[in-house]
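For the sequence shown, our numbering gives the first residue as 244, with consecutive numbering after it.
The structure appears below as structure tokens.
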Amino acid sequence: MRILGMDYGEKRIGVAISDELGLTAQGLETIHRKNRKHDLESIGRIARSFNVERIVIGYPLRLNGEEGIQCSKVRNFARQLEKALLIPVVLQDETLTTKEAESILTEANVRRDKRKLLVDKLAAGIILQTYLDLLGKKEASNRPSGETDS
């Protein structure tokens, strides 16, 4: 099952995709936002090309776990996306993912102008990988005792 991950921002939407087993995420592209129709069509094109079965959007909770103003914008976009594409949309806490992505790129000595182009899709990959890891842990805890991966 392929899952699409997104880092939703005011100017750009970072996009990542899972592998077919739903184990790993990789950054895919950055959509430069124009208007709602363009954004939904761009995401729809990607979702169809990868036969996506679920979409995970970063949910920007504050550091104390409370919802901020941006949360309502993300929730609204998630509802519109789910309605337009008929694909389930899940909200995933994205606290500090953009900072983590920037740190990774800085440590890798990526030039500042290149970092701006890469940070959103890397953040989307981090959001999606976090979701996949949590999903894997949940599935593992639901197995009968003694059952292992083989």
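Glycine residues also receive a C-beta, built at the ideal position from the N, C-alpha and C atoms.
| Asked | Found |
| --- | --- |
| Rounded to the nearest angstrom, what separates Ser393 and Thr273 at their Cα positions? | Unreliable placement is indicated for Ser393, whose pLDDT of 46 sits below 50; the coordinate value is still reported in the next sentence. Distance between the alpha carbons of Ser393 and Thr273: 37 Å. |
| Could you give the distance in angstroms between the alpha-carbon of Ser346 and the alpha-carbon of Arg245? | 27 Å |
| Measure from the alpha carbon of His281 to the alpha carbon of each residue in Asp262, Leu324 and Gln269, then state which is nearest. | Leu324 |
| Suppose contacts are defined by Cβ-Cβ distances below 8 Å. Is Pro303 in contact with Val317 by that definition? | yes |
| If you follow the beta strand (DSSP E) that Ile274 is part of, which residue opens it and which one closes it? | Ala268 to His275 |
| Need the endpoints of the beta strand (DSSP E) that Gly252 sits in, please. | Unbroken run through Gly252: none, as it is neither H nor E. |
| Quick one: complete beta strand (DSSP E) runs, 3+ long, within the segment 288-371? | 295-302 and 332-336 |
| Going by beta-carbon coordinates alone, are Ile298 and Met249 separated by less than 8 Å? | yes |
| What is the C-beta distance between Val300 and Gln335, in whole angstroms, given that I count them as a contact (C-beta under 8 Å)? | According to the sequence shown, residue 300 is Ile rather than Val. Yes, Ile300 and Gln335 are in contact; Cβ-Cβ is about 7 Å, under 8 Å. |
| Quick check: what's the CA-CA separation for Arg255 versus Glu382? | 33 Å |
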